[in-house]
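Residue numbers (my numbering): 4 to 396.
Shown next as C-alpha cells:
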C-alpha cells in the first residue's frame, strides 16, 4: 500500500480538487505542469542552490543530550527553526515562487495564520521582485504583530480577513476569492499540504527535503538511515509531511502526528481534527473536517495561531484513517509548559506549534535504544508575547 498521492490526486479516499469552475483553469494549469517543471535539471539546480545559500540548508539534526537523559531514549531534533525566516515554511515558498515564475505569473497571493508562511512568501517575493498580497485573519494580525511588521518590511501588502472566526480558515477563503477574480496573472502560494490537488502533493514534495536530510544525517550519526519514531505537529501539516515523506512506505518507522487539543479535545475549544473530524470538503479538498451534524464547519481553537485549522491535509487524513500514523492531541497547557521546558533544558525557544510535538515525550514510553526524531519546525520569536502573557514573564 502506498501512502503517497495517486494519479487522480487522492490519498486513499481523501484529496481531489473540489473547486469552483472559475478556478479550474488555474488549478489545471498547475496540475499539468508541476511535475514536469520541478523535474527539470535547471529547476532542481536553482531550488537546491537557494535552499543551500539562501535558506541555510541542510539544517542540523541535533542530539538533545539532556532530554535524552531525562527520558532514557535517543532524542534528535531536526532544526527547522534555523531556516531563514525561522521555520520550515520557506522550503515550500522557494519551490513555489520558482514554479510561479516559470508559469509567467507576476502577482503572488498567500494566506497565513501564525504569519510564518506569510513572512516566507513575502521573503521570496522580495527576492524575486514580485508583487505580494498576504491574507491574514484579523485576530491573527493582532496576536502575531511581529510577523505582520516583517511582511510589511519585506514589501508585502497584508489584507485582513474580517469574516467568520477571523483566523486561518477565513484568510484562506479570502485568498481563494482573490484568485477567482484574478486568474490570469496571479499565482496562489498555499502554505500547507491542504487545498485542491496538486497542492498537497506539491507542498509535500518541496518539504520532503526535511526527511531526505534526516536519513542522510542519521546514517552519519547512528549508522542507519531510519529512526524508530518521527514526531511532528500537525495543523494543515506541511512540516509533518516533510518530516514523514521518505518514511511513509517504511512501516518500521513509527509516525506520530501531534494535534492541538486546545482546552481539551471535547471542551468545544479544540483543533483536534483526527478526534473530532468527519469526512468533508474544505478549501478544495476532501479530508477530515471538524463540522456540525449538518455539515457546517466548527470553529477550531488553539493557543497556537498555526494549528487552529478545522481540517487536516488529505495525506494526514489518510495516515489517520489507515492507522499508518498515530495521532495524539496535546492541550494548550501541555504545549506551553513544553515551550518553557525546552527553552530551559536545551536553550531552544520553540514556536508554540512545535512545542506541541515535544509533549509526546510525556505521553509515550520509548526504549533506551530507540531513535526518536522530533521536528522542531519553527522558533518561538513570533510567540514571545503569548509566552509572556501566559507565564507572566
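Just so it is clear, CB atoms sit at the ideal spot from N, CA and C, and this is done for glycine as well.
- Burial check for residue 44: the Cβ neighbour count within 10 Å stays below 16, so the residue is exposed.
- Inclusion of residue 125 and residue 159 in the CB contact set at 8 Å is warranted, their separation being smaller than that value.
- Here residue 345 has 351, 353, 358 and 361 as same chain residues with Cβ atoms under 7 Å from its own Cβ, once five neighbours each way along the sequence are excluded.
- For residue 291, the uninterrupted beta strand (DSSP E) run begins and ends at 288–292, by DSSP.
- Counting along the chain, the unbroken beta strand (DSSP E) around residue 163 starts and ends at 160–164.
- Taking residue 166 as the centre and dropping the five residues before and after it, the same chain places the C-beta of 173 closer than 6 Å to its C-beta, in chain order.
- Looking only at 85, 29 and 76, the smallest Cα-Cα distance to residue 55 is reached by 85.
- Going by beta carbons, residue 201 and residue 29 fall outside the 8 Å limit.
- A Cβ-Cβ separation of about 6 Å places residue 380 in contact with residue 90 under the 8 Å criterion.
- A distance below 7 Å between beta-carbons, with the five flanking residues on each side excluded, links residue 225 to the following residues of its chain, in chain order: 374.
- Of the residues assessed, residue 189 falls on the buried side of the cut-off, its CB having 16 or more other CB atoms within 10 angstroms.
- Between the alpha carbons of residue 103 and residue 300 lies a gap of roughly 31 Å.
- Runs of the alpha helix (DSSP H) lying entirely within the segment 4–67 and spanning at least 4 residues, in chain order: 27–42 and 44–53.
- Taken through DSSP and simplified to helix, strand or coil, residue 367 comes out as coil.
- DSSP places residue 81 inside the beta strand (DSSP E), whose first and last residues are 77–82.
- Residue 310 places its beta carbon 8 Å or farther from that of residue 255.
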